[in-house]
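Notes to accompany the following structure.
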Amino acid sequence: MDIYPPPPTTNAKAKGRGGSHYFLDERRRTALSELDNAKTSWFHIKVCLVAGVGFFTDAYDLFAINIGAQMLGYVYGHGAPGKLGVNQDLGVKVAAPVGTLCGQLLFGWLADIVGRKRIYGLVLLIMIIGTFVQALSGSGHAYVFYQISSLSILRSLRAGVGIGGDYPLGAAITSEFATTRIRGRMITAVFAGQGWGNFTAVLVAFILNEAYKNKIIADPGVDQLVHVDFMWRILFGIGCIPAVFALYFRLTLPGDTEAAEDIHSLVITGEPTIHDPDAVVQRVDAPRGSWEDFKAYFGKWENMKILIGTSYSWFALDIAFYGLGLNSSTILTAIGFGSPGNMKTTLGVYQAIRNVCVGNLIFSIAGLIPGYYASFLLIDRWGRRPIQLMGFIILTVVFIIMGFGYDKLLQTTSGKNLFVFLYCIANFFQNFGPNTTTYLIPGEIFPTRYRATAHGISAASGKFGAIVAQVGFSQMINIGGPNKFIPHMMEILAFFMLTGILSTMLLPETKQKTLEELSNENQIGFLRGPTTRIQIQDGIIVGKRVY
13 MDIYPPPPTT
23 NAKAKGRGGS
33 HYFLDERRRT
43 ALSELDNAKT
53 SWFHIKVCLV
63 AGVGFFTDAY
73 DLFAINIGAQ
83 MLGYVYGHGA
93 PGKLGVNQDL
103 GVKVAAPVGT
113 LCGQLLFGWL
123 ADIVGRKRIY
133 GLVLLIMIIG
143 TFVQALSGSG
153 HAYVFYQISS
163 LSILRSLRAG
173 VGIGGDYPLG
183 AAITSEFATT
193 RIRGRMITAV
203 FAGQGWGNFT
213 AVLVAFILNE
223 AYKNKIIADP
233 GVDQLVHVDF
243 MWRILFGIGC
253 IPAVFALYFR
263 LTLPGDTEAA
273 EDIHSLVITG
283 EPTIHDPDAV
293 VQRVDAPRGS
303 WEDFKAYFGK
313 WENMKILIGT
323 SYSWFALDIA
333 FYGLGLNSST
343 ILTAIGFGSP
353 GNMKTTLGVY
363 QAIRNVCVGN
373 LIFSIAGLIP
383 GYYASFLLID
393 RWGRRPIQLM
403 GFIILTVVFI
413 IMGFGYDKLL
423 QTTSGKNLFV
433 FLYCIANFFQ
443 NFGPNTTTYL
453 IPGEIFPTRY
463 RATAHGISAA
473 SGKFGAIVAQ
483 VGFSQMINIG
493 GPNKFIPHMM
503 EILAFFMLTG
513 ILSTMLLPET
523 KQKTLEELSN
533 ENQIGFLRGP
543 TTRIQIQDGI
553 IVGKRVY
């Protein structure tokens, strides 16, 4: 029995170009071109809103604990009012980054294996359940260690399974639905939900403190702050409200067009989407994710250096972002920003919470939120790489001034005000800089089959930096005396910002380039149709095999 290849095609256009392979490539490129050049529509705005809710909830929870830890100290702390033990405070603050790290790796991988939409609603649902259960944690001084431990575990569960999964999913989905012209702005708009979540958490804490003012003052004493116990629960529980409204839209998020569904299916599963149940399905051969293919792709230095660049840049940035963000209350107290009042009275407790809320509101309004929107306006004009470099350079200089000039600045009121101003500048250039770009670049620079996985790896590296920062901050801050190590912490942050400049040099510019261009893969012959071989025995065709 002889096996012969099929006769050559007679299609003049396809001749010499791979026949059906050329047709499939053309179909894919046409569909992708339609998406890349589509006009901005309500659908694009909807994607940004639905994806942005995840980051709003993420930031609300992560930064609510900044003030929530102080409230927990008043309710459950021993010794001086308003203080948890060092390990208790660390456990409360570090649980979320630890869980988030796990979720980023797990759901980044799953998103590339089973698809984005299948688990996008699930991660938000887990966020909602975790937040609600967290607010119902047990209470009472007798259960202080159980209370703090269970709270940390619940935060880790919710953040890890919910928030962590939202990072790679939100970036991949937004990137794949965006047009090339506005992709940077769309992803930045999604990520700006982090700034609003931070601001809202502080604003809610401020409003609760004012609403409970008279009841806090009327409590029997600083060891029986019943209404502060109510406040932290309400503060955490409110975080799930916007997520509830967004859940339906995530579960019903449609494809932009049938072409978008075909692209996802062709590239991820190797099969086109079936719109007609009676249609004949033609399998195609497309690059698929596997461990061997992963090693082959990232085994090339030109691809591996990008993953190293995105991962380390995020690691360096989050050391500063979370080192400051999760400890801003401590820093405000250390520099004497606002009068803390007499901490032995219930009035002093109210005043201390109020002052910390006001300080954090200033940081958000003057630095965080403007930084996101400066990025939004310029990300598709200046490009990602210049903004990231600029941010790291300015942050290096700012932290050097804050660290080496710390003692001199705190000697006068004007010096303290300057320190707060520099703190706001740092917040601004974190967000008009690497905090935005480290999220954006991994969402567009890797091929579709590894986009969520690689984004998850990069994001998890960032959360590892957050863990390092929080553990280091809690263990070193009191070296030499209470809060005496803060200036040296600033100097350490300056060093990591300097290394971020170097890692940014590994990254290419992604502005106004299609996702296919950025994947660093040859797009000719990317999709291949089946190959048919005819089986002939004794001059008679006895069958065909499709490979």
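Residue numbers 13 to 559, in the numbering used here, belong to the letters of the sequence shown in order.
Beta carbons are placed, not taken as given, at the ideal position from N, Cα and C, and that holds for glycine.
Predicted model, so just to flag it, every value in this text is computed and none were measured.
Under the three-state DSSP convention, the category residue i falls into
{"i": "Tyr-497", "result": "The sequence shown places Phe at residue 497, not Tyr. Correct three-state label for Phe-497: coil."}
{"i": "Leu-74", "result": "helix"}
{"i": "Asp-330", "result": "helix"}
{"i": "Asp-268", "result": "Residue placement at Asp-268 is poorly supported in this model, since its pLDDT is 38, which falls under 50; the coordinates still yield a value, given next. Looking at Asp-268 - three-state DSSP - the assignment turns out to be coil, as it is neither helix nor strand."}
{"i": "Thr-526", "result": "coil"}
{"i": "Glu-456", "result": "coil"}
{"i": "Gln-236", "result": "coil"}
{"i": "Ile-491", "result": "coil"}
{"i": "Lys-317", "result": "helix"}
{"i": "Asn-210", "result": "helix"}
{"i": "Ser-531", "result": "coil"}
{"i": "Met-517", "result": "coil"}
{"i": "Asn-339", "result": "coil"}
{"i": "Leu-247", "result": "helix"}
{"i": "Thr-511", "result": "helix"}
{"i": "Ser-53", "result": "coil"}
{"i": "Ala-422", "result": "The sequence given here has Leu at residue 422, not Ala. Note: Leu-422 maps to coil in three-state DSSP."}
Alpha-carbon spacing of residue i relative to residue j, whole angstroms
{"i": "Ala-217", "j": "Trp-326", "result": "29 Å"}
{"i": "Met-387", "j": "Tyr-324", "result": "It should be noted that the sequence gives Ser, not Met, for residue 387. Their backbone Cα atoms lie some 21 Å apart in a straight line."}
{"i": "Pro-254", "j": "Gln-400", "result": "30 Å"}
{"i": "Gln-442", "j": "Thr-425", "result": "26 Å"}
{"i": "Thr-450", "j": "Gln-236", "result": "44 Å"}
{"i": "Thr-342", "j": "Thr-526", "result": "44 Å"}
{"i": "Gly-474", "j": "Arg-128", "result": "22 Å"}
{"i": "Gly-262", "j": "Leu-359", "result": "It is worth fixing the name first, because residue 262 is Arg in this sequence and not Gly. Cα to Cα, Arg-262 sits roughly 45 Å from Leu-359."}
{"i": "Pro-454", "j": "Leu-407", "result": "22 Å"}
{"i": "Ser-486", "j": "Lys-428", "result": "23 Å"}
{"i": "Ser-340", "j": "Tyr-418", "result": "15 Å"}
{"i": "Ala-308", "j": "Asp-70", "result": "34 Å"}
{"i": "His-500", "j": "Ala-123", "result": "41 Å"}
{"i": "Gly-205", "j": "Leu-61", "result": "9 Å"}
{"i": "Ile-175", "j": "Ile-79", "result": "20 Å"}
{"i": "Asp-231", "j": "Ala-346", "result": "27 Å"}
{"i": "Gly-321", "j": "Leu-220", "result": "42 Å"}
{"i": "Ile-381", "j": "Gly-371", "result": "15 Å"}
{"i": "Cys-447", "j": "Ala-213", "result": "Before going further, note that residue 447 is Asn rather than Cys in the sequence given. Approximately 19 Å between the Cα atoms of the pair."}
{"i": "Thr-143", "j": "Leu-137", "result": "10 Å"}
{"i": "Ala-76", "j": "Asp-392", "result": "32 Å"}
{"i": "Tyr-179", "j": "Gly-115", "result": "9 Å"}
{"i": "Thr-226", "j": "Asp-73", "result": "The amino acid occupying residue 226 in the given sequence is Asn; Thr does not appear at that position. So the alpha carbons of these two residues sit roughly 27 Å apart."}
{"i": "Tyr-224", "j": "Gln-363", "result": "12 Å"}
{"i": "Ala-471", "j": "Val-173", "result": "14 Å"}
{"i": "Trp-54", "j": "Gly-335", "result": "38 Å"}
{"i": "Gly-182", "j": "Gly-209", "result": "16 Å"}
{"i": "Trp-303", "j": "Glu-456", "result": "21 Å"}
{"i": "Leu-247", "j": "Ile-331", "result": "26 Å"}
Endpoints, the alpha helix (DSSP H) within which residue i is located
{"i": "Asn-226", "result": "225-230"}
{"i": "Leu-460", "result": "According to the sequence shown, residue 460 is Thr rather than Leu. Taken as a continuous stretch (DSSP letters only), the alpha helix (DSSP H) holding Thr-460 covers 460-488."}
{"i": "Leu-181", "result": "176-189"}
{"i": "Lys-428", "result": "425-443"}
{"i": "Arg-397", "result": "396-416"}
{"i": "Lys-105", "result": "98-126"}
{"i": "Ile-347", "result": "Taken as a continuous stretch (DSSP letters only), Ile-347 belongs to no alpha helix (DSSP H), as it is neither H nor E."}
{"i": "Lys-307", "result": "303-310"}
{"i": "Gly-196", "result": "195-203"}
{"i": "Thr-358", "result": "358-375"}
{"i": "Leu-263", "result": "253-263"}
Residue i CB to nearest heavy atom of the ligand GDP below 7 Å
{"i": "Asn-99", "result": "Within the structure as shown, the ligand GDP is missing, as the structure has no ligands at all."}
Short CB-CB distance (under 8 Å) between residue i and chain C
{"i": "Phe-218", "result": "Protein chains in the displayed structure number just one, and chain C is not present."}
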